[in-house]
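Here the protein sequences line up with chains A and B, keeping their order.
Following UniProt numbering, the numbering of the first sequence begins with 1 at its first residue and continues without gaps.
Following UniProt numbering, the numbering of the second sequence begins with 1 at its first residue and continues without gaps.
Protein chains: 2
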Amino acid sequence: MLVDVPKDSDFSIHNLPFGVFSDSKNNNPRPGVAIGEKILDLGILARHGLFEGCGDFSADAKSTFEQPTLNKFMSYSRKEWRFVRQQLTSFISNDQHPVRLDMPQGGLEALVNQKDSKMHLPCTIGDYTDFYASKEHATNVGTMFRGKDNALNPNWTHLPIGYHGRASSIVVSGTPIKRPLGQRVLTPGSPPMFGPSTKLDIELEMAFIVGKGNDLGSPIDISVAEDYIFGLVLMNDWSARDIQAWEYVPLGPFLGKNFGTSISPWVVTLDALEPFKVDLPTQDPIPMLYLADDKKSGYDINLSVSIKPQNSSCFRTISNSNLKYLYWSLKQQLAHHTIGGCNMRPGDMCGTGTISAPTETGFGSLLELTWNGKNKILVADAKSSSDSQDHYGYFLEDFDTVKLEGYCEANGIRVGFGSCVGQILPSLI
Amino acid sequence: MLVDVPKDSDFSIHNLPFGVFSDSKNNNPRPGVAIGEKILDLGILARHGLFEGCGDFSADAKSTFEQPTLNKFMSYSRKEWRFVRQQLTSFISNDQHPVRLDMPQGGLEALVNQKDSKMHLPCTIGDYTDFYASKEHATNVGTMFRGKDNALNPNWTHLPIGYHGRASSIVVSGTPIKRPLGQRVLTPGSPPMFGPSTKLDIELEMAFIVGKGNDLGSPIDISVAEDYIFGLVLMNDWSARDIQAWEYVPLGPFLGKNFGTSISPWVVTLDALEPFKVDLPTQDPIPMLYLADDKKSGYDINLSVSIKPQNSSCFRTISNSNLKYLYWSLKQQLAHHTIGGCNMRPGDMCGTGTISAPTETGFGSLLELTWNGKNKILVADAKSSSDSQDHYGYFLEDFDTVKLEGYCEANGIRVGFGSCVGQILPSLI
């Protein structure tokens with residue numbers, strides 16, 4: 001093995017997620033693959049001929065991995081994504097690999113320490129869509145605002161509800177988020193007031209990133225939808241509930257969401273996630289033909305949210321959920337998105353919507369965890385607090401740091417997403 | 001004058017709108033400016049030194065006008081946009097202009113016929129937002145679906161309601177639009193059915209294109225908002241009313257809109273529109289401080305919609321409206337969009353929403369003109385129809401062609417937008 005991979009690493013040889021990094025030796029953002037605590041520089045490997053033997057792609061591999069984003073690589077097909085993955089597996093695990101033997105330091109020169117690197121957005125995200133595909137989340141929110149009997153809107157079980165989000169304000173994990181200003185109604189029925197959001201929330205989500213795109217007017221059939229998905233990331237869809245509540249009728253969320261959306265830097269491919277496929281929840285009514293999916297189209301991905309207030313020395317987990325609870329599959333989301341003719345481009349991103357577990361220990365937002373600010377939750381216990389007191393909260397306070405994590409584990413194999421982190425900074429006024 | 005400009009031309013010397021074109025002699029898309037029936041190739045003019053004398057921009061002008069989009073030019077400030085405009089005015093109108101004297105054909109070599117050219121999108125549109133800023137339109141739609149007493153939602157007069165649209169499916173005038181497939185409910189209360197939209201509509205809009213951007217977390221103050229707007233285009237926000245009606249609660253329009261949005265190819269700058277500024281409608285309640293705008297922030301731009309069914313020999317005008325009716329100004333839209341911290345990038349686009357006049361001859365959608373399919377309208381009279389009969393319609397039929405036009409006129413000066421055209425093609429099934 002070229003690299004020692006710690007047993008509990010998210011970035012085992014079974015993973016090989018793609019990202020864009022830079023470091024002090026070379027501050028050009030460039031494509032890499034995470035392995036253990038290292039990053040493999042794909043440009044260096046391409047220049048040493050590791051990606052020879054895959055048709056037209058091989059002639060283009062050097063230029064593909066010299067780009068500051070992964071869009072060009074994403075625009076290839078699953079065949080090329082798999083080829084690169086196989087070449088990397090062989091390069092890392094085979095000490096007699098001819099390319100390694102040919103490199104002056106046996107391949108070590110292509111390695112960079114993750115801790116010495118800065119991560120960037122993996123791709124230019126042309127368009128960003130956010131779905132609302134967790135039945136538990138939609139039911140919780142609906143129950144809160146419309147009562148238990150009208151919790152789910154009539155359309156919800158017929159199609160994956162989604163909306164267009166803001167692409168410009170998507171940021172990579174580690175980027176601080178400024179508390180947004182805006183209009184909100186402080187007491188029901190009174191006029192709106194201007195000021196900082198007082199109901200700043202998180203949303204535990206994952207997002208898929210589109211690989212190959214489709215032409216305008218040519219929908220992606222669900223039977224081949226997987227070939228159009230490059231991979232997945234963790235996503236925190238920061239939400240200002242008070243701004244959102246006032247503005248969202250009738251055209252949906254706008255300023256309540258577009259001040260920032262954080263994603264994890266490493267894109268885990270569908271091939272790496274293949275061993276962790278599980279059955280979807282039962283879908284009733286049976287979806288229309290264009291949404292008819294294989295039963296085994298869910299993924300068993302453990303997800304968690306943890307929080308560290310300013311006065312605390314460590315993160316405290318406030319929620320444990322799993323992607324397997326998602327009602328609408330990723331393929332159903334993509335097939336629905338394009339059925340009217342909408343075109344997708346390499347690097348476009350689709351969030352799942354908040355992923356809530358069936359029980360309250362796994363709700364994916366503070367809105368649900370505190371039941372819209374009714375029940376406070378423990379965010380830091382006495383042991384970890386500077387003032388030796390338990391700390392409870394409703395929504396996010398200034399300087400809170402939030403961390404999402406996700407991983408799959410089965411038969412001794414671990415494939416993880418790393419983390420998606422963001423700290424809240426005070427508003428401008 | 002370098003060029004003869006017909007008296008009724010939209011592209012007088014007072015206009016000088018920017019666009020991206022290609023032609024049979026050079027099929028690289030490149031920036032140009034419309035004048036009369038010609039296009040001035042900005043790359044050629046830059047290479048002949050027309051843009052010398054404006055600081056850093058001058059050194060960069062050649063590269064700026066060799067781009068396949070206008071984004072780089074848009075990323076400069078109003079100072080550079082004005083400088084280019086002034087240089088062009090002088091180049092066109094002054095027969096003794098030194099750059100013209102220096103060119104072998106006296107400047108004629110920079111001219112291309114519009115009729116021999118193909119127009120492209122003027123810029124890469126990173127994000128597209130659509131507002132809902134016409135009180136007449138919002139009131140009409142509200143009255144139709146909620147009754148006269150609840151026509152406007154409580155938030156509508158407090159802020160410019162808007163939502164994120166789909167950037168990938170924005171197309172330039174002339175691109176056909178395929179009728180979308182999707183889920184829709186045919187009779188109220190019955191389950192949704194899958195099929196082609198039967199309520200395909202237009203929306204008469206304009207859109208502003210962002211010039212200089214702002215950083216995430218740093219709102220654009222309304223007092224300087226004009227400096228961030230490069231110019232305006234006509235926009236047809238094609239809408240499938242049946243798909244939209246079923247899907248839009250609670251997150252807003254999605255597949256009902258994202259199958260295509262058409263814009264006119266020539267971006268008319270705010271400087272060209274300056275002489276046509278008029279007072280905004282009275283705003284009640286008085287907007288919050290961050291939305292406090294100069295009274296004279298409207299624009300008197302005559303707008304029309306015309307339609308040509310397959311069996312007709314000519315376009316028939318079905319609506320005459322005007323941008324001056326818009327309740328929320330462009331500056332208010334931009335200030336609101338960024339107040340929570342959302343960042344804008346050069347080339348981002350914001351639609352106004354449907355611009356409806358106070359009376360029904362100027363409603364900006366078939367939804368309003370037919371009052372949701374209750375009253376049919378004349379789309380082709382007997383004289384222009386192949387079968388010598390009047391033709392009436394509700395929503396768009398296959399092969400209908402729709403044309404939006406817009407122009408300003410005052411004191412013998414005309415500044416126009418050309419047209420935004422699109423033909424409906426049959427759905428896939």
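Note that CB positions come from ideal geometry on N, CA and C, so glycine has one too.
Please read all numbers here as calculations on a predicted model, not as lab measurements.
Exercise. Would you say residue 440 (chain B) reaches chain A, if we count a Cβ-Cβ gap shorter than 8 angstroms as a contact?
Worked result: Residue 440 (chain B) lies beyond the residue range present for chain B, which begins at 1 and ends at 429; the question has no answer from this structure.
For this session: Give the single residue among B:Val84, B:Gly165, B:Asn258 and B:Asp294 whose Cα lies nearest to the Cα of Phe57 (chain B).
Result: Counting from one through the second sequence, the residue named residue 57 (chain B) turns up at place 57. Nearest Cα to Phe57 (chain B) within the set B:Val84, B:Gly165, B:Asn258 and B:Asp294: B:Val84.
Problem set entry | Per DSSP, cross-strand counterpart(s) of Ser321 (chain B) | The residue labelled residue 321 (chain B) in the question sits at position 321 within the second sequence. Ser321 (chain B) is bridged to B:Leu303.
Exercise. Within 10 angstroms of its Cβ, does Ile429 (chain B) collect 16 or more other Cβ (buried), or is it exposed?
Worked result: Looking up residue 429 (chain B) in the second sequence gives position 429. That one is exposed.
For this session: Could you name the residues of chain E that Ile339 (chain A) contacts, counting a contact when the two beta carbons are closer than 9 angstroms?
Result: Protein chains in the displayed structure are A and B, and chain E is not among them.
Problem set entry | Cutoff 6 angstroms; reference Ala151 (chain A); Cβ partners in own chain excluding five residues on either side | Working through the first sequence from its first residue, we reach residue 151 (chain A) at position 151. The residues are Thr139, Gly142 and Thr143.
Exercise. Going along chain B, which residues have a C-beta under 8 angstroms from Glu247 (chain A)?
Worked result: Here residue 247 (chain A) is taken as the residue at index 247 of the first sequence, counted from 1. Per Cβ cutoff of 8 angstroms: Asn155, Leu159 and Ile161.
For this session: Report buried or exposed for Met1 (chain A), applying the criterion of at least 16 other Cβ atoms within 10 angstroms of its Cβ.
Result: To locate residue 1 (chain A), count along the first sequence from 1; it is residue 1. Under this definition Met1 (chain A) is an exposed residue.
Exercise. Which of helix, strand or coil does DSSP assign to Val224 (chain B)?
Worked result: Here residue 224 (chain B) refers to the residue found at position 224 of the second sequence. The DSSP-derived three-state label of Val224 (chain B) is helix.
Exercise. Mind pulling the chain A residues with CB within less than 7 angstroms of Ala167 (chain B)?
Worked result: Indexing the second sequence from 1 puts residue 167 (chain B) at position 167. Here the neighbours are Gly126 and Asp127.
Problem set entry | CA-to-CA distance, Ala167 (chain A) to Met235 (chain A), given in whole angstroms | As a working mapping, residue 235 (chain A) is identified with position 235 in the first sequence. As a working mapping, residue 167 (chain A) is identified with position 167 in the first sequence. The C-alpha of Met235 (chain A) lies about 13 angstroms from the C-alpha of Ala167 (chain A).
For this session: Reducing DSSP to helix, strand and coil, say where Asp149 (chain A) ends up.
Result: Taking the first sequence and counting its residues from 1, one reaches residue 149 (chain A) at position 149. Residue state, collapsed to three classes: helix.
For this session: Count the other CB atoms, across all protein chains shown, that sit within 10 Å of the CB of Lys403 (chain A); report buried if there are 16 or more and exposed otherwise.
Result: In the first sequence, counting from the first residue as 1, residue 403 (chain A) sits at position 403. By the neighbour-count rule (16 or more Cβ atoms within 10 Å), Lys403 (chain A) is buried.
Exercise. Can you name the residues that DSSP bridges to Ile209 (chain B)?
Worked result: On the second sequence, position 209 is the one that residue 209 (chain B) refers to. Among the bridge pairs identified by DSSP, Ile209 (chain B) is matched with B:Gly231 and B:Met349.
Problem set entry | Whole-Å CB distance - Tyr394 (chain B) paired with Leu366 (chain B), under 8 angstroms assumed | Looking up residue 394 (chain B) in the second sequence gives position 394. Looking up residue 366 (chain B) in the second sequence gives position 366. Right, their Cβ atoms sit about 7 angstroms apart.
For this session: Consider the Cβ of His120 (chain B): report whether some Cβ of chain A lies at a distance smaller than 8 angstroms.
Result: By one-based count along the second sequence, residue 120 (chain B) stands at place 120. For His120 (chain B), the answer is no, since every Cβ of chain A falls outside 8 angstroms of its Cβ.
Problem set entry | Cβ contact (3+ pairs, closer than 8 angstroms) linking the segment 261-269 of chain A and the segment 283-290 of chain A | By the Cβ rule, the segment 261-269 of chain A does not count as touching the segment 283-290 of chain A, because fewer than three pairs are nearer than 8 angstroms.
Exercise. At least one CB of chain A closer than 8 angstroms to the CB of Cys420 (chain B): is that the case?
Worked result: Working through the second sequence from its first residue, we reach residue 420 (chain B) at position 420. It does not: the Cβ of Cys420 (chain B) has no partner Cβ on chain A nearer than 8 angstroms.
Problem set entry | the segment 264-271 of chain A contacting the segment 77-92 of chain A, beta-carbon criterion three pairs below 8 angstroms | Touching, per the Cβ criterion.
Exercise. Does the segment 185-202 of chain A touch the segment 221-241 of chain A, meaning 3 or more C-beta pairs lie closer than 8 angstroms?
Worked result: Here the segment 221-241 of chain A makes contact with the segment 185-202 of chain A; the two share three or more CB pairs at distances below 8 angstroms.
Problem set entry | Simplified DSSP state of Gly36 (chain A), which is helix, strand or coil | In the first sequence, counting from the first residue as 1, residue 36 (chain A) sits at position 36. In the structure shown, Gly36 (chain A) adopts coil according to DSSP, grouped into three states.
For this session: Could you please give the first and the last residue of the uninterrupted beta strand (DSSP E) stretch that includes Asp130 (chain A)?
Result: By one-based count along the first sequence, residue 130 (chain A) stands at place 130. Residues Tyr128 to Phe131.
Exercise. Just how far apart, CA to CA, sit Lys135 (chain A) and Cys408 (chain A)?
Worked result: By 1-based counting over the first sequence, the position of residue 135 (chain A) is 135. By 1-based counting over the first sequence, the position of residue 408 (chain A) is 408. Their Cα atoms are separated by approximately 22 angstroms.
Exercise. What residues in the segment 302-334 of chain A have a beta carbon less than 9 angstroms from any beta carbon of chain B?
Worked result: For the segment 302-334 of chain A, no residue has a beta-carbon sitting nearer than 9 angstroms to a beta-carbon of chain B.
For this session: Let me know the alpha helix (DSSP H) ranges lying completely inside the segment 362-420 of chain B, each 4 residues or longer, listed in chain order.
Result: The segment 362-420 of chain B contains these whole alpha helix (DSSP H) runs: 366-369.
Exercise. If you draw a straight line from the alpha carbon of His137 (chain A) to that of Leu330 (chain A), how long is it in whole angstroms?
Worked result: In the first sequence, counting from the first residue as 1, residue 137 (chain A) sits at position 137. In the first sequence, counting from the first residue as 1, residue 330 (chain A) sits at position 330. Those two C-alpha atoms are separated by around 17 angstroms.
Exercise. Is the CB of Ile243 (chain A) under 8 angstroms away from at least one CB in chain B?
Worked result: By 1-based counting over the first sequence, the position of residue 243 (chain A) is 243. True, the Cβ-Cβ gap to chain B drops below 8 angstroms.
Exercise. Touching or not, the segment 242-258 of chain B and the segment 57-74 of chain B, by the rule of three or more beta carbon pairs under 8 angstroms?
Worked result: Between the segment 242-258 of chain B and the segment 57-74 of chain B there are fewer than three inter-stretch CB-CB distances shorter than 8 angstroms, so the stretches are not counted as touching.
Exercise. Buried or exposed: which applies to Pro265 (chain A), given that a residue is buried once 16 or more other Cβ atoms fall within 10 Å of its Cβ?
Worked result: Position 265 of the first sequence, counting from 1, holds the residue named residue 265 (chain A). Here Pro265 (chain A) is buried: its Cβ has 16 or more other Cβ atoms, across all protein chains shown, within 10 Å.
Exercise. Excluding sequence positions up to five away, which residues of its chain have a Cβ less than 6 angstroms from the Cβ of Phe254 (chain A)?
Worked result: Position 254 of the first sequence, counted from the start, is the residue given in the question as residue 254 (chain A). The beta carbon of Phe254 (chain A) sits closer than 6 angstroms to those of Glu247, all from its chain and outside the five residues before and after it, given in chain order.
Exercise. Residue 499 (chain B) and Leu186 (chain B) look like a contact to me (Cβ under 8 angstroms); what is the Cβ gap, rounded to whole Å?
Worked result: In the structure displayed, chain B extends from 1 to 429; residue 499 (chain B) sits before or after that span and is not available.
Problem set entry | Per-residue burial, Glu203 (chain B) [other beta carbons within 10 Å of its own, 16 or more giving buried] | Within the second sequence, numbered from 1, the residue matching residue 203 (chain B) stands at position 203. Buried is the call here.
Exercise. How would you write the range of the alpha helix (DSSP H) that Asp56 (chain A) sits in, first residue to last?
Worked result: Your numbering for residue 56 (chain A) matches position 56 in the first sequence. Run containing Asp56 (chain A): Gly55 to Thr64, per the alpha helix (DSSP H) assignment.
Problem set entry | Assumed close pair Ser388 (chain B), Asn311 (chain B) - CB separation to whole angstroms, cut-off 8 angstroms | Looking up residue 388 (chain B) in the second sequence gives position 388. Looking up residue 311 (chain B) in the second sequence gives position 311. The C-beta distance from Ser388 (chain B) to Asn311 (chain B) rounds to 10 angstroms, too long to fall under 8 angstroms, and the pair is not in contact.
Problem set entry | Residues that Ala240 (chain B) bridges to, as DSSP identifies them | For this step, residue 240 (chain B) is matched to residue 240 along the second sequence. B:Leu200.
Problem set entry | Candidates A:Asp215, A:Lys277 and A:Pro192: closest to Gln244 (chain A) by CA position | Within the first sequence, numbered from 1, the residue matching residue 244 (chain A) stands at position 244. Closest option to Gln244 (chain A), Cα to Cα, is A:Pro192.
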